[in-house]
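> Sharing a structure here in structure tokens format.
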Amino acid sequence: MNVETKITDGIAVVTIDNPPVNALNLAMRNALLETVHTLNADAKVRAVVLRGAGKLFVGGADITEFDRPVEEPALPEVLAAIEASKKPWIAALHGVALGGGLELALACHLRIAASGTSLGLPEVGLGIIPGAGGTQRLPRLIGIEAAIPVVTTRKRLDENQALKLGLVDSLSSGDLTADAIALARKAASGPLPATAAKRSLAAPSPEIWRDAEAAVRRTAKGTAAPMLALQALRLGVENGFEAGLAHERATILKARASQESKALRYLFFAERAAPRPRELRDVNTRPLRRIGVIGGGTMGTGITAALRNAGLPVVLMERDEAILNHSLGKLKKLFQGDAAKGRLSAEEAGQRTAGIEGALTFDRLADCDLVIEAVFEDLAVKQSVFAELGRACRPDAILATNTSYIDPRLIAEGLADKTRFLGLHFFSPAHVMKLLEIIPVPETAGDVLATAFVLARTLDKMPVRAGICDGFIGNRILRRYIAEATALMTDGVAIPAIDAAMREFGLAMGPFEMQDMAGLDISFMRREAARARGEPVPEVPADLLVRAGRKGQKTGGGWYDYAPGDRTPLPSPGAMRIIAPMLKPSREMPSAEIAARLVSAMSKEGERVLAEGIAAEPAHIDLVEVHGYGFPRWRGGPMFMAQGGAHHG
Ligand code: 3H9
Numbered sequence: 001m002n003v004e005t006k007i008t009d010g011i012a013v014v015t016i017d018n019p020p021v022n023a024l025n026l027a028m029r030n031a032l033l034e035t036v037h038t039l040n041a042d043a044k045v046r047a048v049v050l051r052g053a054g055k056l057f058v059g060g061a062d063i064t065e066f067d068r069p070v071e072e073p074a075l076p077e078v079l080a081a082i083e084a085s086k087k088p089w090i091a092a093l094h095g096v097a098l099g100g101g102l103e104l105a106l107a108c109h110l111r112i113a114a115s116g117t118s119l120g121l122p123e124v125g126l127g128i129i130p131g132a133g134g135t136q137r138l139p140r141l142i143g144i145e146a147a148i149p150v151v152t153t154r155k156r157l158d159e160n161q162a163l164k165l166g167l168v169d170s171l172s173s174g175d176l177t178a179d180a181i182a183l184a185r186k187a188a189s190g191p192l193p194a195t196a197a198k199r200s201l202a203a204p205s206p207e208i209w210r211d212a213e214a215a216v217r218r219t220a221k222g223t224a225a226p227m228l229a230l231q232a233l234r235l236g237v238e239n240g241f242e243a244g245l246a247h248e249r250a251t252i253l254k255a256r257a258s259q260e261s262k263a264l265r266y267l268f269f270a271e272r273a274a275p276r277p278r279e280l281r282d283v284n285t286r287p288l289r290r291i292g293v294i295g296g297g298t299m300g301t302g303i304t305a306a307l308r309n310a311g312l313p314v315v316l317m318e319r320d321e322a323i324l325n326h327s328l329g330k331l332k333k334l335f336q337g338d339a340a341k342g343r344l345s346a347e348e349a350g351q352r353t354a355g356i357e358g359a360l361t362f363d364r365l366a367d368c369d370l371v372i373e374a375v376f377e378d379l380a381v382k383q384s385v386f387a388e389l390g391r392a393c394r395p396d397a398i399l400a401t402n403t404s405y406i407d408p409r410l411i412a413e414g415l416a417d418k419t420r421f422l423g424l425h426f427f428s429p430a431h432v433m434k435l436l437e438i439i440p441v442p443e444t445a446g447d448v449l450a451t452a453f454v455l456a457r458t459l460d461k462m463p464v465r466a467g468i469c470d471g472f473i474g475n476r477i478l479r480r481y482i483a484e485a486t487a488l489m490t491d492g493v494a495i496p497a498i499d500a501a502m503r504e505f506g507l508a509m510g511p512f513e514m515q516d517m518a519g520l521d522i523s524f525m526r527r528e529a530a531r532a533r534g535e536p537v538p539e540v541p542a543d544l545l546v547r548a549g550r551k552g553q554k555t556g557g558g559w560y561d562y563a564p565g566d567r568t569p570l571p572s573p574g575a576m577r578i579i580a581p582m583l584k585p586s587r588e589m590p591s592a593e594i595a596a597r598l599v600s601a602m603s604k605e606g607e608r609v610l611a612e613g614i615a616a617e618p619a620h621i622d623l624v625e626v627h628g629y630g631f632p633r634w635r636g637g638p639m640f641m642a643q644g645g646a647h648h649g
């Protein structure tokens, strides 16, 4: 870790070398500040090129330092020194220039970018705002309107957009350092280029602020940082650069200490650690060149789409030709839909479809490296699929089940070699939802498990290893959550009040709205099956609704009523009459108390999941909730909340 300077012919090339992302930690800030003073004092030096070692310029401030008080020199001080230099500083950008990295470049006199450079201020994603002049220098370089989305969202610009906006002054298509040196030489022989701070800003029309506030309110989803970033930008526009900088600094220092920022930082590190479990880092993995999927239903087609979106060739197998053709048609439509929305070119959409081979027999899977079973949730059906796969597939092929409830050990019973077997639990829609629960059986080989994590990374999924229990991590906690919501309801709290409380908390929908969307009948059938086995499963209000034909949206009513073709839940006197015998007299409960009760039920179940070794750490449970169940990420997750939001970055 160092800042290295090489001087050739009057041009100093300063390289920031702090793997893996050249983060600007205390040592780097000290070294950079010292470098500025040294180069200022060196009469031989006429201009400076500032570059990053390795695959990027600078990924930002060092987020691990945010749990501690700021240690001087702070980044704004270092940047002010560069900006005040009488010798031009040229930022040579490649890879990424993010957060404090982009702010460092903004403080230089000129910027040049290599092709493939990505520039942005993603601080709001960490619950903070750019805190080293980003909200002030960026609008002075690229204009207020263009700066607003960069400062208030995680929007990134590529080098061409950056050039067009004036964020960079030139592009390099060859040797970046050589091109930057040439630019430095030119700059050294003319007047010192005006830094961003010196550039004037035209006052914008009032509509710009009104529109920007509306956009932030739409996209902020409960988080405070985007509006704080917009306010900092505006304050600097209206009161000048210095006032803006002071306000920005005060705001980031406060934001760093917020629960929102602690939660988002906690998830930042959890999300980076989860795809690469420490214990599997040195394990060799198997190839993933061609993947089989069995079952053309909702899960099978979703998994196929996810695989194709990652460029993996797929053999999709169904027993029935008509169903197979229907599934292939559905996938084609899905990719065409993505093309119509501009997410893919028509050619790419065609390639995604062309990469799926339909199959009606198991022998067509003989060449696959991995086969994922996604057939009906029935043990006998699944067992017979794996018996066939055991015969049809290469002996080294990995065989996976996408079951959500059945014990994978039972599914694997008929398989001779269980070392190549495991559960891969995708969430619906599988090409959209990030979560992937990875469930090894006791026999699963280490390289098979490690390959499942490679698959997750390839598909851009968030993998979490789960032990075997009913519902694994996510659905087990979901069941406890629904049970607690039911308990509140039978205690007399109104269904719409419970749902509204959870929406207010930050979920997209409340527990009863969610059940109506998913359908009440599947859980009902599971309870009935358990009762038929003689298990003591008490009667719940949902049983009464299903018996009365109210299975949710699909039957026009469940907990709520629905107008035909409309998904808006309407309070249902009919449903209330049916379940009335099971309800206590109605009572009021503040929404914060409702949310606290439900989240506490989740975290307590999470504690049991941990105690039983089903999840390895609390953060894994929070990743499951955030990426599989829509738990608001700025709250960190139920386990994070239960621990009082302590940060373990
Ligand atoms: C900021 O800049 C505030 C300023 O406005 C003002 C301050 C006054 N710090 O993602 P990867 C670690 S806020 C510390 O897998 P990639 C990461 O945990 C910052 N550590 O690599 C991982 O560790 P491990 C604004 C960091 O190549 C390793 O580096 N910037 C930081 O896929 C590799 O990470 C951001 O929000 C950091 N800033 O992607 C950008 N960044 O190996 C955050 C990464 O132990 N970073 N680590 O698991 C990113 O978006 C990506 O890491 C990046 C590289 C695109 C840079």
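Following our numbering, the numbering of the sequence shown begins with 1 at its first residue and continues without gaps. Even glycine gets a Cβ: it sits at the ideal position worked out from N, Cα and C.
Excluding the 5 residues preceding and the 5 following H627 in the sequence, name in chain order all residues of the same chain whose CB lies nearer than 6 Å to its CB.
Numbered from its first residue, the sequence shown carries residue 627 at position 627. Same-chain partners within the cutoff: K434, L435, M462.
> Can you tell me where the beta strand (DSSP E) with E617 in it begins and where it stops?
Taking the first residue of the sequence shown as position 1, residue 617 is located at position 617. From DSSP, E617 is part of no beta strand (DSSP E); its letter is neither H nor E.
> Buried or exposed: where does N18 fall if 16 or more other Cβ atoms within 10 Å of its Cβ makes it buried?
On the sequence shown, position 18 is the one that residue 18 refers to. By the neighbour-count rule (16 or more Cβ atoms within 10 Å), N18 is buried.
> For A180 and I112, I'd like the C-alpha separation in whole angstroms.
Along the sequence shown, one-based indexing puts residue 180 at 180. Along the sequence shown, one-based indexing puts residue 112 at 112. Straight-line Cα distance between these residues: approximately 7 Å.
> Does the separation of the CB atoms of E123 and A224 fall below 9 Å?
To locate residue 123, count along the sequence shown from 1; it is residue 123. To locate residue 224, count along the sequence shown from 1; it is residue 224. No, these two residues do not count as a Cβ contact at 9 Å.
> At the level of alpha carbons, what is the spacing between A91 and A74?
Numbered from 1 along the sequence shown, position 91 holds the residue referred to as residue 91. Numbered from 1 along the sequence shown, position 74 holds the residue referred to as residue 74. A91 and A74: Cα-Cα distance of roughly 20 Å.
> Please confirm whether any heavy atom of the ligand 3H9 lies closer than 8 Å to the CB of G329.
Within the sequence shown, numbered from 1, the residue matching residue 329 stands at position 329. Outside the cutoff, so no.
> Closest to D447 by C-alpha separation, out of D282, K330, R597, L267, would be which residue?
Within the sequence shown, residue 447 is the residue found at index 447, counting from 1. Here the closest residue by C-alpha is D282.
> If you draw a straight line from the alpha carbon of R199 to that of G143, how long is it in whole angstroms?
As a first step, residue 199 must be located in the sequence shown, where it is residue number 199. As a first step, residue 143 must be located in the sequence shown, where it is residue number 143. Straight-line Cα distance between these residues: approximately 10 Å.
> Mind checking who R68 pairs with in its DSSP beta bridge?
Indexing the sequence shown from 1 puts residue 68 at position 68. The partner list for R68 (beta bridge, DSSP) is empty, contrary to what the question assumes.
> Does the ligand 3H9 have even one heavy atom less than 8 Å from the beta-carbon of A162?
Residue 162 sits at position 162 when you count from the first residue of the sequence shown. Checking the Cβ of A162 against the ligand 3H9 gives no.
> For L75, which of helix, strand or coil comes out of DSSP?
For the purposes of this step, residue 75 is taken as the residue at position 75 of the sequence shown. Helix, per DSSP.
> Going by DSSP in three states, V96 sits in which element: helix, strand or coil?
One-based indexing of the sequence shown puts residue 96 at position 96. Strand at V96.
> In the DSSP assignment, find the unbroken alpha helix (DSSP H) run with E388 in it and report its ends.
By 1-based counting over the sequence shown, the position of residue 388 is 388. Element bounds for E388: 379–392.
> Beta-carbon within less than 6 Å of G355's beta-carbon, same chain only, minus the 5 sequence neighbours each way: which residues are those?
Locating residue 355 in the sequence shown gives position 355, where the first residue counts as 1. So the qualifying residues of the chain are R308, P313.
> Counting only the same chain and skipping the five closest in sequence on each side, list residues whose C-beta sits under 7 Å from that of P496.
Reading the sequence shown from its first residue, position 496 is the one you call residue 496. Excluding positions up to five away in sequence, the list reads P571.
> Sorry if obvious, but does the Cβ on R281 come closer than 8 Å to a heavy atom of the ligand 3H9?
Counting from 1 along the sequence shown, the entry for residue 281 is found at position 281. Checking the Cβ of R281 against the ligand 3H9 gives no.
> Given a threshold of 16 other Cβ atoms within 10 Å of its Cβ, counted over all protein chains shown, does G300 qualify as buried or as exposed?
By one-based count along the sequence shown, residue 300 stands at place 300. Flag for G300 reads buried.
> Closest to D396 by C-alpha separation, out of Q383, G414, E413, V371, would be which residue?
Translated into the one-based positions of the sequence shown, residue 396 becomes position 396. For D396, the nearest C-alpha among the options comes from V371.
> Distance check for G636 and S586, CA to CA, integer angstroms please.
Along the sequence shown, one-based indexing puts residue 586 at 586. Along the sequence shown, one-based indexing puts residue 636 at 636. Near 33 Å, if we compare the C-alpha coordinates of G636 and S586.
> Please report how far the alpha carbon of M517 lies from the alpha carbon of K382, in whole angstroms.
For this step, residue 517 is matched to residue 517 along the sequence shown. For this step, residue 382 is matched to residue 382 along the sequence shown. About 26 Å.
> For the putative contact between L106 and A196, defined by C-beta atoms under 8 Å, what is the C-beta separation to the nearest angstrom?
Looking up residue 106 in the sequence shown gives position 106. Looking up residue 196 in the sequence shown gives position 196. Right, their Cβ atoms sit about 6 Å apart.
> Count the other CB atoms within 10 Å of the CB of N2; is the residue buried (16 or more) or exposed (fewer)?
Taking the first residue of the sequence shown as position 1, residue 2 is located at position 2. By the 10 Å Cβ count, N2 comes out exposed.
> CA-CA distance, G60 and M576?
Working through the sequence shown from its first residue, we reach residue 60 at position 60. Working through the sequence shown from its first residue, we reach residue 576 at position 576. Taking the straight line from one Cα to the other gives about 55 Å.
> Tell me whether I63 counts as near the ligand 3H9, meaning its Cβ is closer than 8 Å to at least one heavy atom of that ligand.
Against the sequence shown, residue 63 aligns to sequence position 63. I63 Cβ: within cutoff of the ligand 3H9.
> Could you compute how far the alpha carbon of A387 sits from the alpha carbon of P590?
Taking the sequence shown and counting its residues from 1, one reaches residue 387 at position 387. Taking the sequence shown and counting its residues from 1, one reaches residue 590 at position 590. Computed Cα separation, rounded: 54 Å.
> Leaving out the 5 sequence neighbours to the left and right, which residues in its chain are closer than 6 Å to K55 when beta-carbon positions are compared?
Counting from one through the sequence shown, the residue named residue 55 turns up at place 55. These residues qualify, in order along the chain: G95.
> In whole angstroms, what is the alpha-carbon distance linking P651 and H425?
Because the chain here runs from 1 to 649, residue 651 falls outside it and cannot be looked at.
> What does H425 pair with, by DSSP beta-bridge criteria?
For the purposes of this step, residue 425 is taken as residue 425 along the sequence shown, with counting starting at 1. Paired residues: E437.
> Can you check DSSP and say which residues form a bridge with G552?
Indexing the sequence shown from 1 puts residue 552 at position 552. Paired residue(s): G557.
> First and last residue of the beta strand (DSSP E) that includes P573?
Position 573 of the sequence shown, counted from the first residue, corresponds to residue 573. Note, P573: premise wrong, no beta strand (DSSP E); alpha helix (DSSP H) at 573–579.
> What do you get for N653, buried or exposed, if any count of 16 or more other CB atoms within 10 angstroms of its CB means buried?
No answer is possible for residue 653: it lies beyond the span of the chain, which begins at 1 and ends at 649.
> Please determine whether the Cβ atom of A202 lies at a distance below 8 Å from any heavy atom of the ligand 3H9.
Within the sequence shown, residue 202 is the residue found at index 202, counting from 1. No, since every heavy atom of the ligand 3H9 falls outside the 8 Å radius drawn around the Cβ of A202.
> From D158 to S173, what does the alpha carbon distance come to, in whole angstroms?
Stepping through the sequence shown from its first residue, residue 158 is reached at position 158. Stepping through the sequence shown from its first residue, residue 173 is reached at position 173. Taking the straight line joining both Cα atoms gives about 14 Å.
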